[in-house]
Structures are given as C-alpha cells and as structure tokens.
Amino acid sequence: MAAFCRTAALLLQHTKTSSCALIAARTYSSGGQFQHIIVDRKGEKQNVGFIQLNRPKALNALCDELMTEMGQALDAFEEDKQIGAIVITGSEKAFAAGADIKEMQNRNFQECYAGNFLAHWNKVSLVRKPVIAAVNGFALGGGCELAMMCDIIYAGEKAQFAQPEILLGTIPGAGGTQRLTRAVGKSLAMELVLTGDRISAQEAKLAGLVSKVYPADQVVQEAIKCGEKIAGNSKLVCIMAKEAVNAAFELTLAEGNRMEKRLFHATFATDDRKEGMTAFVEKRKAAFTDK
Numbered sequence: 108m109a110a111f112c113r114t115a116a117l118l119l120q121h122t123k124t125s126s127c128a129l130i131a132a133r134t135y136s137s138g139g140q141f142q143h144i145i146v147d148r149k150g151e152k153q154n155v156g157f158i159q160l161n162r163p164k165a166l167n168a169l170c171d172e173l174m175t176e177m178g179q180a181l182d183a184f185e186e187d188k189q190i191g192a193i194v195i196t197g198s199e200k201a202f203a204a205g206a207d208i209k210e211m212q213n214r215n216f217q218e219c220y221a222g223n224f225l226a227h228w229n230k231v232s233l234v235r236k237p238v239i240a241a242v243n244g245f246a247l248g249g250g251c252e253l254a255m256m257c258d259i260i261y262a263g264e265k266a267q268f269a270q271p272e273i274l275l276g277t278i279p280g281a282g283g284t285q286r287l288t289r290a291v292g293k294s295l296a297m298e299l300v301l302t303g304d305r306i307s308a309q310e311a312k313l314a315g316l317v318s319k320v321y322p323a324d325q326v327v328q329e330a331i332k333c334g335e336k337i338a339g340n341s342k343l344v345c346i347m348a349k350e351a352v353n354a355a356f357e358l359t360l361a362e363g364n365r366m367e368k369r370l371f372h373a374t375f376a377t378d379d380r381k382e383g384m385t386a387f388v389e390k391r392k393a394a395f396t397d398k
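With my numbering applied, the sequence shown covers 108 to 398.
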C-alpha cells in the first residue's frame with residue numbers, strides 16, 4: 108500500500124510538471140498570457156526564443172511584474188529543447204528607460220532589505236542558454252543593467268546607454284556598478300555612475316560594452332540571425348562554452364584555465380564533439396543532436 112501511494116504521488120508530481128510545461132509552451136507559442144511582454148519563436152527553424160518588452164507608454168520601464176513575466180518566459184525557453192538561443196528587445200524608441208520609479212518611490216529600507224528587492228531581476232544572467240540583447244533607443248538604469256545581464260549586446264545606431272541612478276539620489280541596484288566596470292573598465296564606469304551621463308552606441312562599442320552596431324531597423328533581425336547561428340551549433344556544448352566564458356569574470360586565470368580544461372575534456376563525452384570533428388575530417392556539415 109505504501110509503495111502504491113509513493114508511485115501515485117510520483118505520477119501526480121510528473122503530471123503537474125508536464126501540465127506546467129505545456130501551459131508555458133502554449134503561453135509563449137501563442138504570444139499571449141503576458142501583460143508586459145510579447146513572447147514568440149523566431150528564425151527559419153523556429154529555434155530562437157524571442158522576448159519583447161511591451162510597456163510603450165512607460166518607455167518599457169521595468170516594473171516588478173514585467174520582470175516576473177520575463178522570468179517565466181525564460182524558464183519556458185530553458186525547458187524547450189528546440190530553443191538554442193534567446194533574443195530580448197524593446198522598441199525602436201526604448202529598449203528600457205530604466206526601472207519603474209513610481210513603483211519604488213515610496214519603498215523604505217526595511218521593505219527593500221527584508222524582501223531582497225530586485226533579487227529576482229538577476230534571472231536573466233542565470234539562464235544557461237545564450238541570450239542576446241537587441242538594443243534600440245534608451246537603455247538607461249535598469250535597462251542598461253538588463254542588457255548587461257545578456258551574453259551579447261547588439262545596438263541600433265541611435266541607442267543610448269547610461270546608469271543615471273545618481274541623479275535620483277541612489278545607485279544602481281541590479282548589477283550596474285559591477286557588470287559595467289567589468290565591461291568598460293574602472294574609469295569610464297566610475298564616470299558614468301557618478302555623473303549619470305549617457306554614451307552613444309558607437310561609444311559603447313569602442314568601450315567594449317556592445318558587440319556590434321546596426322541601423323535601428325536592422326538590429327533585431329541581426330540579433331535573431333546571431334541567435335540562429337548559435338542555435339545551429341550543439342546546444343549542449345554552447346552551454347559549456349557560455350559557462351567557461353562567464354567563469355573568466357569570477358575566477359583567477361589559473362582557476363579559470365582549470366575549469367576550461369575540465370569542460371573541454373567533458374565535450375569528449377558527447378556525441379556532438381565526435382560528430383563535429385568527424386564532419387570536419389569528412390568535409391561536410393555537422394549534424395548535431397545535442398547529446
């Protein structure tokens with residue numbers, strides 16, 4: 108009887124998990140169910156997850172509910188074996204003009220500290236699949252931080268980046284002081300954080316914050332193309348590669364090299380590594396199976 112109960116409980120748990128996955132899949136495939144974001148699949152093989160911030164009247168200001176919805180969409184894409192990369196974008200006018208100031212204006216220290224305010228915003232940086240930010244217009248404050256949580260940033264020619272929290276009597280709270288410094292160096296990061304000044308897409312590229320700059324009407328499509336290229340590789344090995352690169356920001360060179368070597372050796376346990384090298388020797392395109 109006890110064994111039967113355990114089996115029944117496991118079946119129920121599996122059913123609930125499957126139902127949640129099905130609901131999530133339906134949600135983003137239909138593009139509905141969300142109030143503040145639009146979620147879809149992109150690419151010729153529909154293997155690029157797509158999230159568009161959708162608060163046009165607020166210039167895509169990042170409210171708590173929007174970031175919760177984004178976390179749900181990212182979870183669904185993480186579970187979807189067909190998705191190999193994810194693109195996050197806003198509108199041509201604003202990627203995201205910052206956090207929603209009206210939402211946080213009356214918060215006090217006790218609320219922020221006890222509730223660990225903004226902690227769940229870090230979800231974007233914890234996604235294992237590669238994430239590309241396609242930035243047009245304003246990427247200010249939380250918007251700049253959101254872009255920096257992504258693995259690659261493509262920017263439109265008129266994009267602007269800034270951490271203007273100092274002008275509001277506060278400081279960045281979602282990684283702005285940390286990721287910006289790692290991306291552009293201490294001097295420029297300190298200048299931007301202490302003055303609240305903006306930099307252009309071209310300046311951001313020269314500083315190492317942005318990978319490529321495109322005309323505003325092309326940046327999203329170029330980001331999707333990049334996502335398609337990534338998704339065409341072994342999804343399993345892409346996760347390993349992303350983990351190795353991210354480790355460079357947290358480990359010493361010796362520790363990072365050791366980790367890289369372990370992950371490199373681990374690829375030799377995969378079918379995709381064997382297929383990739385065999386295809387190279389046979390002068391044909393590799394047919395990866397993500398195993």
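Every residue gets a Cβ at the ideal spot worked out from N, C-alpha and C, and that includes glycine.
Supposed contact pair residue j and residue i - C-beta distance, whole angstroms, cut 8 Å
i	j	result
Ala311	Ala262	6 Å
Ala204	Phe245	5 Å
Ile144	Glu186	Actually they do not touch by this definition, with Cβ atoms about 17 Å apart.
Glu357	Leu370	About 15 Å separates the two Cβ atoms, so there is no contact after all.
Exposure of residue i, with buried meaning 16 or more beta-carbon neighbours within 10 Å
i	result
Asp378	exposed
Val352	exposed
Gly315	exposed
Phe216	exposed
Arg133	Reliability of the predicted coordinates at Arg133 is poor, the pLDDT of 45 falling under 50, and the value obtained from them is presented with this limitation in mind. By the 10 Å Cβ count, Arg133 comes out exposed.
Glu252	buried
Ala373	exposed
Phe387	exposed
Lys368	exposed
Gln142	exposed
Gly222	exposed
Leu360	exposed
Cys219	exposed
Glu389	exposed
Ala296	buried
Phe202	buried
Asn213	exposed
Ala394	exposed
Ile130	Because Ile130 carries a pLDDT of 41, less than 50, the predicted location of this residue cannot be relied on, and the following value inherits that uncertainty. Label assigned to Ile130: exposed.
For residue j and residue i, the rounded distance between their alpha carbons
i	j	result
Ala206	Leu275	12 Å
Val238	Cys257	5 Å
Thr396	Ser341	7 Å
Ala226	Met211	14 Å
Lys200	Lys293	29 Å
Lys398	Glu362	27 Å
Ile278	Leu301	9 Å
Ala459	Lys188	Only positions 108 to 398 of the chain appear in the structure, and residue 459 is not among them; the question remains open.
Gly250	Ala168	8 Å
Met384	Lys149	29 Å
Gly138	Asp324	Caution is warranted here: a pLDDT of 48 is assigned to Gly138, below 50, making its placement in the model unreliable, and the coordinate value is therefore given only provisionally. Each residue's alpha carbon lies about 22 Å from the other.
Met366	Val344	14 Å
Val320	Leu299	20 Å
Gly178	Asp147	15 Å
Leu399	Gly303	In the structure displayed, the chain extends from 108 to 398; residue 399 sits before or after that span and is not available.
Lys123	Phe224	Only weak support exists for where Lys123 lies, its pLDDT of 40 falling under 50; the value from the coordinates is given anyway. So the alpha carbons of these two residues sit roughly 30 Å apart.
Leu173	Ala290	26 Å
Pro322	Leu287	24 Å
Ile259	Ser318	7 Å
Gln140	Arg391	43 Å
Asn243	Lys336	22 Å
Arg380	Ala355	23 Å
From the options, residue whose alpha carbon lies closest to that of residue i
i	options	result
Ser170	Ala373, Glu264, Ile208	Reading off the sequence, residue 170 comes out as Cys, not Ser. Closest option to Cys170, Cα to Cα, is Ile208.
Glu151	Phe356, Asn364, Leu360, Gly339	Gly339
Leu247	Ala180, Gln285, Glu272, Asp182	Glu272
Ala330	Ala204, Leu313, Gly283, Gly197	Gly197
Gly334	Ala241, Asn364, Glu382, Ala323	Ala241
Phe184	Ala266, Ile260, Val155, Ile259	Val155
Asp182	Met384, Lys230, Met347	Lys230
Ala266	Val327, Arg214, Ala394, Gln140	Val327
Ala281	Gln153, Met174, Thr288, Trp228	Trp228
Ala376	Glu357, Lys392, Met347, Ala354	Met347
Thr284	Ile260, Met255, Glu264, Ile259	Met255
Gln153	Ser318, Asn364, Lys332	Lys332
Residue-chain proximity (residue i, chain D), Cβ-Cβ < 7 Å
i	result
Leu181	No chain D is part of this structure, which consists of one protein chain only.
Closer than 6 Å: residue i CB and nearest the ligand MN heavy atom
i	result
Asp378	Ligands displayed in this structure: none; no statement on the ligand MN is therefore possible.
Q: Inspect the CB distances between the segment 187 to 198 and the segment 228 to 236 and report whether three or more fall short of 8 Å.
A: yes
Q: Decide if the segment 158 to 167 is in contact with the segment 293 to 313; the criterion is three or more beta carbon pairs, one per stretch, under 8 Å apart.
A: no
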